[in-house]
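Peer 1:
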Amino acid sequence: MPIISKASRFFESADQREYAFCQCINRIVRFRPVLRYFQLVSRLGDGWFWYVLILSAPFIEPEAGAGLALLMALTGLTCTLTYKLLKRWLIRERPFISFPSINCCTPPLDRYSFPSGHTLHAACFQAMLFMTTPELALATLPFTLSVAASRVVLGLHYPTDVLAGALIGGLMGYLSTLYFLSDFLALFPG
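Each number in my numbering corresponds to the 1-based position in the sequence shown with 1224 added.
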């Protein structure tokens, strides 16, 4: 049996199990301040927050910031390729498509749901920050958690999409930092 067929059957079953939870969480967007907050977080999570952070890294951390910024940018590109390939290969419809009672509160950037690209990037960069600048990592953690929550709240992802994005992204950020940071720091001797 092809892997895609197995994935499709798995997602159909998972979608049914996660539907009630998604619908319940999605109801909080009835409160306009909650909706606006998560829409803003989602928009910043499109990349804007991380772009500013990457560009600021050399100023925030003068000795290691340039190497870290370059590594974050390249790892971020790798994350983008990874989640796009996974989405095309695994093909999971978004909750608001499969269940019309779930409101889509902001336009998605692409068609499919698994894994959450926003969460993948946020977890990747969060892991990299925890390994290099823990103080900055603690400061950005509320944003990262809000990005992950926004995906379900806004009706764009199932919780398992977010969990998978966090695991994949966190692992990519960890491995990238572990294996390549010293090489990138050597490019910009302080």
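Where a beta carbon is used, it is the ideal one built from N, C-alpha and C, also for glycine.
Any idea what DSSP makes of residue 1321, helix, strand or coil?
Peer 2: If DSSP states are grouped into helix, strand and coil, residue 1321 belongs with the helices.
Peer 1: Please report the Cβ distance between residue 1357 and residue 1285, rounded to the nearest whole angstrom; I am assuming they are in contact, meaning their Cβ atoms lie under 8 Å.
Peer 2: About 6 Å; that satisfies the 8 Å criterion.
Peer 1: How close, in whole Å, do the beta carbons of residue 1346 and residue 1371 come, if the pair is a contact with beta carbons under 8 Å?
Peer 2: With 8 Å as the limit, residue 1346 and residue 1371 qualify as a contact, their Cβ atoms being about 4 Å apart.
Peer 1: Buried or exposed: residue 1331, going by 16 or more other Cβ atoms within 10 Å of its Cβ?
Peer 2: Classification of residue 1331: exposed, given that the 10 Å Cβ count is below 16.
Peer 1: Exposed or buried, residue 1283, counting other C-beta atoms within 10 Å across all chains shown (16 or more means buried)?
Peer 2: Residue 1283 comes out exposed.
Peer 1: Quick one: give me the first and last residue of the alpha helix (DSSP H) that residue 1351 is part of.
Peer 2: Taken as a continuous stretch (DSSP letters only), the alpha helix (DSSP H) holding residue 1351 covers 1341 to 1356.
Peer 1: The alpha helix (DSSP H) spanning residue 1407 covers which residue range?
Peer 2: Residue 1407 -> alpha helix (DSSP H) spans 1383 to 1411.
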